[in-house]
Amino acid sequence: MKVAIQGQDYSFHDVAQKQYFGGEPTELIKCETFKEVFEALDRGEADYLVCAMENSLYGSINEVYDLVLKHNIWIMGEIYLHIKHCLIGLLGAKIENIKEVHSHPVALGQCLEFLDTNLHNAERFEHHDTAGSAADIKRWNDVTKAAIASEESAKAYGLEIIESEVETNKHNYTRFVVATREKPDSVDVCEKTSLILTTGHSPGALYKALGAFYENDINLTKLESRPIVGTKWEYMFYVDIESGLQEKRTQLALDIIKSHGQQIRVIGSYKKDSLPNVS
-13 MKVAIQGQDY SFHDVAQKQY FGGEPTELIK CETFKEVFEA LDRGEADYLV
37 CAMENSLYGS INEVYDLVLK HNIWIMGEIY LHIKHCLIGL LGAKIENIKE
87 VHSHPVALGQ CLEFLDTNLH NAERFEHHDT AGSAADIKRW NDVTKAAIAS
137 EESAKAYGLE IIESEVETNK HNYTRFVVAT REKPDSVDVC EKTSLILTTG
187 HSPGALYKAL GAFYENDINL TKLESRPIVG TKWEYMFYVD IESGLQEKRT
237 QLALDIIKSH GQQIRVIGSY KKDSLPNVS
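First residue of the sequence shown? That's -13 in our numbering, and the numbers climb one at a time after it.
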């Protein structure tokens, strides 16, 4: 089983795929960018992709939503991961001696309060991946350089955790989706559905579409608008609803939307994941 992720071993994407597949042996297709992850699935180099879509502190990852809209994928699952960031360095490194901090830009953004308070004089450098930045710290062998990455990365590369849980808010979650190229034969036990909605450019078009979910007692958990490339001020909408594709109420809602002349493309139906408990 081949799984494409952004990053490398011990990255949060790696942690997410291990959580979803439950320890089944997987061969990782390690990509530097989200675009490469989707292309690996397209080319058949990977059987599945695991990709972060949104974070409770950072918000939506717009690049990923655009890739979802562009590529033909089927979302088959989701994972909510509690993200704990650590400041890690070489053995014996001390925070007062750190001159450089390296990590993925999203991770740096999630730790701004800690960095501004404790390392305001340290220069910050962006990397493709948190785990990759930890690997670089090991390779550079310089006690004045540190990375923000996972505890797993510190253990894997023989590094020391200088400070743990350096994220600004401890309730820091990332939602990952698991996708494949084709819709499976059965979606009998699904609780959540993802779809792309394209409305007409007229007053009340979106209102009518969303009203179909309300009329059928379906809760929306995500509504993300993205521009339609090549048109002026027209948008597609990524929508998550808490209802499986196999449910009658879902089919009724979709029929109503189509009756208004709106375009619907279902891109996944799956079991919903729960947020981990955080003390």
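The C-beta atom is built at its ideal place from N, Cα and C for all residues, glycine as well.
All values derive from a computational prediction rather than experimental measurement.
Residue i (DSSP reduced to helix, strand or coil)
i      : result
Ile69  : coil
Tyr34  : strand
His88  : strand
Thr166 : strand
Glu138 : helix
Leu145 : coil
Ser119 : helix
Leu27  : helix
Thr130 : coil
Glu201 : helix
Ser245 : helix
Thr160 : strand
Gly95  : helix
Given residue i as reference, the closest of the options once Cα atoms are compared
i        : options                        : result
Tyr6     : Gln237, Lys16, Leu35, Gly75    : Leu35
Glu49    : Glu210, Gln232, Ile61          : Glu210
Tyr159   : Asp259, Thr12, Ile15           : Asp259
Leu240   : Ile204, Glu82, Asn263          : Ile204
Ala191   : Gly247, Glu201, Ala140, Arg235 : Gly247
Asn58    : Met(-13), Ser46, Phe24         : Phe24
Lys16    : Ile182, Ala108, Gln(-8), Ser42 : Gln(-8)
Ala(-10) : Thr12, Ala32, Lys131, Cys176   : Ala32
Lys85    : Leu101, Gly197, Val1           : Leu101
Thr179   : Thr19, Trp60, Leu55            : Trp60
Ile214   : Thr207, Lys208, Met222         : Met222
Val164   : Ala38, Glu40, Arg29, Gly63     : Gly63
Sub-8 Å separation of residue i and residue j beta-carbons
i      : j        : result
Val129 : Ala79    : yes
Tyr51  : Tyr256   : no
Leu77  : Glu137   : no
Lys244 : Ile250   : yes
Ala133 : Tyr(-4)  : no
Leu73  : Glu149   : yes
Cys176 : Gln237   : no
Glu22  : Met(-13) : no
Ala2   : Ile47    : no
Minimum Cβ-Cβ distance from residue i to chain D less than 8 Å
i     : result
Glu49 : This model lacks chain D altogether, as it is built from one protein chain only.
Sheet register partners of residue i (DSSP bridge)
i        : result
Glu82    : In DSSP, Glu82 forms no bridge with anything.
Tyr224   : Ile182, Glu210
Val(-11) : Leu14, Tyr34
Phe111   : His88
Ser255   : Thr179
Can at least three beta-carbon pairs, one atom from the segment 56 to 73 and one from the segment 90 to 101, be found at a separation below 8 Å?
-> yes
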